[in-house]
Amino acid sequence: MTWKCVVWSIPNIWLLEDTNGDGKADQQEKLYGPFGWERDTHGMNSSFARGFDGWLYATHGYNNNTDVRGADGHEVKMNSGNTYRIRLDGSRIEQNTWGQVNPFGLCFDALGNLYSADCHSEPIYQLLRGGYYPSFGKPHDGLGFAPSMIFHGHGSTAISGVVYYEDDLWPEEYRNNIFTGNVMTSRVNRDAVTFTGSTPLANERPDFVVTDDPWFRPVNLQLGPDGALYIADFYNRIIGHYEVPLTHPGRDRTSGRIWRIVYVGQPSRLSPEDSTVKKKSETGKMPVLRPATLPNDLDDLIAELGSPSLTRRMLAMNEICDRFGLNGAKQTQAARNVVSAYRYGPSSGEHYTAHSLWVRERMGVLEDKALIETAKSAEPIIRVHAMRILVERGLKAASTSHGRVAGSGLKPALRKPVLAALNDPDALVQRCAAEALGAWPAFDNIRPLLGALAKADHADTHLVYVVRKALRDQLRPDGVLTRLMKENLSEPDARAIADVTVAVSSAEAGEFLLRHVQKYSESKETLANYLRHAARYSPEREMDSLAAFTRNKFADDLDFQLALFKSIQQGTEQRGAAFGAGVHDWGAELAQRLLKSADASSIDWNNTPVEGMANPANPWFVQKRVSADGDKLSWFLCSLPPGAESLTGVLRSKPFTIPAKLSFFLAGHDGYPDKPAQKRNVVRLRLFRTPSTRDPVGAGGGKSVAIASQDNLAAETFPPRNDTAQLVTWDLGPFTGRQGYFEITDGDDGNAYAWLAIGRFDPPVVTVPKFSPNLIGHRQQAAAELVRALSLTELEPRLAAALVNPTTDIGAYGAIAETLMALHPDEILAALAPLTGDHAVPVNLRNQIAQAIAGKKSSESETILNEAFHTLTRRLQVKLAALLASNVVGAERLLKLVADGRVPAAVLLERSVKDKLLASKPANVNERIAQLTKGVAEPSSEIQKLIDERRTKFDPAKALASRGEKIFTLNCQPCHQIDGVGNVVGPQLDGVGGRGLERLLEDVLDPNRNV
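Going by the numbering used here, the residue at position 590 of the sequence shown is 589; the numbering climbs one at a time, nothing skipped.
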C-alpha cells in the first residue's frame, strides 16, 4: 500500500510519498518554505487540520518571522502567533487569523467552526476568519480584538492540542465538549460548550485525565476514526524552553508516548470487520469502537458522509475529493455522478447533506440552483454550510487574477438567499451570511449589514464582530466612503460606519472620520481614536482643518495633541508632501508649550539614571493607589510604568525646610517576597549642605533608621513589600530647620516585585506633581524634534539653554543636540552630539560636548575628540568612530586620529566603522586602513566575556570605598598615583572615577585595549 503525507520539518513543509509500498518515504517535494525558525524552535508550525473546504489549516508559533509564498506568488508575512491555510499542491498560502501568542492545536466542529488552543493568550478560541487576537501587546486592525469564548485559564500557560467531541459513542455529558492538553499540569482539561446565539462559552468541567506522573505532557489530541481519543505525550521531565538550557542532560530526546482513551461503559462493541456505521446495536447498547480504517469502495465512502463521527465524515469527504475527484476522468465522472444524483429530501440526513454539498463544490459540480435550494433547508446546519460555501467562493474569486471586479458583489440569484439568511432564526446562519457578504463586497450590501448590526444581540459577541468586519469590508473598495459621504445617513448608521472605518487604511477613511467628528460628539476615547486615524490617512487638503479642530477640542491635552501631530507628520512624510500653514503653526505652538511645561525651574522632581543599568529611561509616573487607611483617591509617584517594571532611577526633590516630624505613605517591594530584602529600593532624606558640615545623629520613627551625618543622610525607609501604601513617620527633631531633600531610589532592574510608590506627604513640604516626571523627557525630546522638523530657529536659544542644564532629562539631551546641529551643521560636533544623551558617557565629557554645541564652538571639537577617545569604553569608541566615518570630513579626522595614536587602531576593524569609511570614500581609504591596522589583533572574546560578567554583577549598594582603597594600596600603588598617593611609574589615576563602570573594567581587565 502506498501513501502520501504532508509534514513540517525545519524550515519547510514537505510532501512525502511512499511509491513502492515498503512503508518508507522514497520521494519528497517541498510545498512551502522556508518558514522562520532562527529566533525560536519551540513554537514552530503545527496542528495541521483539513477543513471542509479542502485547505490544510495550520498554526505559526511564537516569536519567529516568516515571509513565505506559494507557487502563485501570493506572499504571507507572519510574526509570532498566527494561523494560516495552504493548498496541498503547493499552489497557495493564505493568512487565516492574526495573533495569539503561541497557538498549538486546531480542530473543527460539525458546523465548520474552527477552534484553536493557545499557550499564553487564552486556552481556547473559536477563530473568526480575518480576526486579530491578543499577542503580547501587538495592535489589532482597528476593529478591536476578536472575541473570547473562555474566561478561565486552567491554571497553565502551556495548553497544547484541542478536540471538539463530535461523535455519539461517549455518554451525553461529553457531547459538545472541548478537550485540551495541559502540558504544565500534566492533565487533559475539559470544557462543556454552550452558546449565546452564535457565541460559544467554555464552561469548566472536571479534568478528563488526571495523573501523578510528572512526565505526562499531553501536547496534542486527536479523535480517531474508531471513536477513541488519542493523546500525543511529549514524555519529558523538562518542558521550559527558556528556563532550562536546551542542552540540559535532563531533557529526554528519545522517548514519547501515545495514549488511547476508549469508552468502556457498555460491553458491546462494533466488530473490527464491520464497516457499517450504526448508532446503536440491536440490544440498544452504545457501541464502544468503530473500525479503525475507512472503506475503499466509492459507494461505501459516500455512505460514510452520514456517519455520526465527524472524523470519519471528514476523512471520507477528503478521500472522495482527493482520490476520485482528481485521478482520472472515469473515476472523476463516477464520483460526480454518484454525488450529483443525490436528492436533498427530508430523509437525507443533515450530515450527509452538508458533506455532499462540499464534495460537489470541491469537485466543481455544485450548481447555483442546488446551492440556493439547500440555503432554504429546514436544518440550520445545512443553511450554515450553504453560506460557508459562498464565503469560500468569494475568497477564491478575490485570489485569482481573473476574479471578480472589486465591489461587484454576488450574483443577484445567490445574493437573495444570503440577504434572507441575515434574518434567519439561527444566529450562526446570520453570522455566516454576514461573512458571505464580506467576501463579496458591494455598496448595496451596506444597508442590509447596518440593519443586521442594529438588531444583533450584543451578548452574541461573535455575531457582532463578524457583522462589523463584513461592514468594514464593504468600505475598502475605492469610492465607497466618498459615496457614503454624499448619502443621507441617520446618526446611528453614521456612528456604525465610523466605528468600523478606523479599520480602513485609506484617504477616504480619514476624510470620513474627520467630517464625522466635526458633525457628531463622541466620547473622548472614541474621538481620540478617530482623530488618530484621520491624522494618519486624511488627504493633505484636510490637514489644516484637522489641526484647527484638534487645537480647539483638545486645548488642555498637550500630550494627545503631540501624538496626533506625530501621526500627521508621519503621513505627510510618507506622501512626500510639505506641512500646510495651519499644521506648521500648530507644531510651532506645540513646541513652545512643550518646552515651557518641561522647564526645569518649574519642576520639583528630577530623575537620575542608576549607574550600570542597561536602560536609563525614566520610570517615574503619577498614579492613584490604595492606602492602608482606606484612601483610594490620592496620587503617588510610582516606578512601575505599564510594561516596564525593570526600569530604574533615582528621583530627587527640590530642597525644603525639614520639619520636626514628617510622614508619608509608601508602597512597593524589594525583591521576591519569599526571599530576603535586597535593599535596592529605598526612600531617603538627605541633608542639603556642604560636605564639611557636621550634623547630630537623628532618631528614626517606625521602620526608619538614623544615619551617620558623614553620609549626608538623615533617615531612610525601605518599601513595606506590600501593594497597599503604608504610613511611615520620621521623627526629625535633630534636623529641624535644616534644608533637606527626598531621594527615592528604584535600583532593582528585576521584572517582578521591583518597584516602589510614595505620596501623601504631611506636612506637604513636597507634593506629587500634576503630570508624570517621565513625561518631562518625552516632552523635551518631542520639542527638539519639532524644532528640527519645522526649522523653528526662534526656539534655538531655549534648546541651547536646556542642553547645558544639568536637570534636563538625559533621554532628551541627544535629540536636543542633534537638533542644534541640524540648525547649524558641523560634521565633527554632529558626530559627538548623540553622546550627550548616553548615560554611559562620563558626565564631564557630556558637559563638554553640550557646551561646545550650545555655544557653537567648532574650534573645541579637536580637544573634545581627543578626550572622548581617551576616556570612552570600546563600545562607545566604536559608536563615535562610526558617526565620524559617515561623511568624508569626519572620516579624514578619524583616520588622522588613528595615525597620531589618539584612537586605538583596532577600532577600524569593527564592521560598523569600516563599512562607513568605505562608503564615505576618503582618499586611499583601503590602503590607509590596511596600513594602520597591520599587526593589530581584535579584542579577546574571553576577556570581553569576563568584563560583561563583572559589569552585570556590580551592585553599587554593596560597593565600599574602603575595600577599593585596600586593593589600590596592594596592587596599584607601587606604579600609579591617585590624589598624590603612590608612585609615578605608570600613568597617574587622578579622575579615573569619572570614566564610568564599563571603562574602568576595561582599563583594569584589559589595560592594552584602549592604548
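Think of the CB as a built atom: it goes at the ideal place given N, C-alpha and C, for glycine as much as any other residue.
- Annotation for Lys368: the continuous alpha helix (DSSP H) segment containing it runs Asp367 to Thr373.
- Ala432 is positioned such that its CB atom lies closer than 7 Å to that of Ala420.
- Between the alpha carbons of Ser537 and Glu486 lies a gap of roughly 20 Å.
- When the five nearest sequence neighbours on each side are left out, the beta carbons in the same chain lying within less than 7 Å of the beta carbon of Ala659 are those of Leu731, Gly732 and Thr735, in order along the chain.
- Inter-residue distance for Gly648 and Phe687 is about 20 Å (C-alpha atoms, whole angstroms).
- In this structure, the beta-carbon distance from Gly35 to Asn81 does not fall below 7 Å.
- Under the DSSP assignment, Trp634 falls outside any alpha helix (DSSP H), being part of the beta strand (DSSP E) whose first and last residues are Trp634 to Cys637.
- Lys878 and Trp97 have their alpha carbons spaced roughly 38 Å apart.
- For Tyr262, there is no enclosing alpha helix (DSSP H), as DSSP gives it neither H nor E.
- Ile928 and Leu883 have their C-alpha atoms roughly 15 Å apart.
- Inter-residue distance for Leu512 and Glu490 is about 13 Å (C-alpha atoms, whole angstroms).
- Cβ contact annotation for Thr195 (same chain, cutoff 7 Å, sequence separation greater than five): Ala458 and Asp459, in chain order.
- The alpha carbon of Glu866 has as its nearest neighbour, out of Arg759, Ile852, Arg414 and Arg845, the alpha carbon of Arg845.
- Rounded to whole angstroms, Glu539 and Phe548 show a C-alpha spacing of 15 Å.
- Each of Ile388, Glu349 and Pro102 was checked against the Cα of Val364, and the nearest Cα belongs to Ile388.
- In the assembly as shown, Gly22 is an exposed residue. Its beta-carbon has fewer than 16 other beta-carbons within 10 Å.
- Secondary structure at Gln677: coil, using DSSP grouped into helix, strand and coil.
- Inclusion of Glu93 and Leu309 in the CB contact set at 7 Å is not warranted, their separation being larger than that value.
- Counting along the chain, no beta strand (DSSP E) covers Asn63, and no H or E run does either.
- According to the DSSP assignment, Thr723 belongs to the beta strand (DSSP E) that extends over Asn721 to Asp730.
- For Lys3, the enclosing beta strand (DSSP E) has its first and last residue at Trp2 to Ser8.
- A distance below 7 Å separates the beta carbons of Phe215 and Asp232.
- In this structure, Ile12 sits near Leu30, with a CB-CB distance shorter than 7 Å.
- At a Cβ-Cβ threshold of 7 Å, Leu488 and Pro447 do not count as neighbours.
- Taking a cut-off of 8 Å on C-beta distances, the region 207-222 touches the region 152-170, as three or more cross pairs fall below it.
- Lys368 and Glu360 have their alpha carbons spaced roughly 13 Å apart.
- In the DSSP annotation of this structure, the continuous segment of the alpha helix (DSSP H) that includes Gly810 starts and ends at Ile809 to Leu822.
- With respect to Ile380, Leu110 sits close: the two C-beta atoms are nearer than 7 Å.
- Counting along the chain, Thr310 sits inside the alpha helix (DSSP H) bounded by residues Leu309 to Glu318.
- It is roughly 20 Å from the alpha-carbon of Trp585 to the alpha-carbon of Leu774.
- Fewer than three pairs of CB atoms, one per stretch, sit closer than 8 Å, so the region 753-768 makes no contact with the region 779-793.
- His354 is positioned such that its CB atom lies no closer than 7 Å to that of Met386.
- When the beta-carbon positions are compared, Ala201 and Ile149 come within less than 7 Å of each other.
- Contiguous beta strand (DSSP E) elements confined to the region 612-651 occur at 620-623 and 634-637, taking only those with 3 or more residues.
- Here Thr184 is not near Gly141, since their CB atoms are 7 Å or more apart.
- Per DSSP, the unbroken alpha helix (DSSP H) holding Asn773 starts and ends at Asn773 to Leu789.
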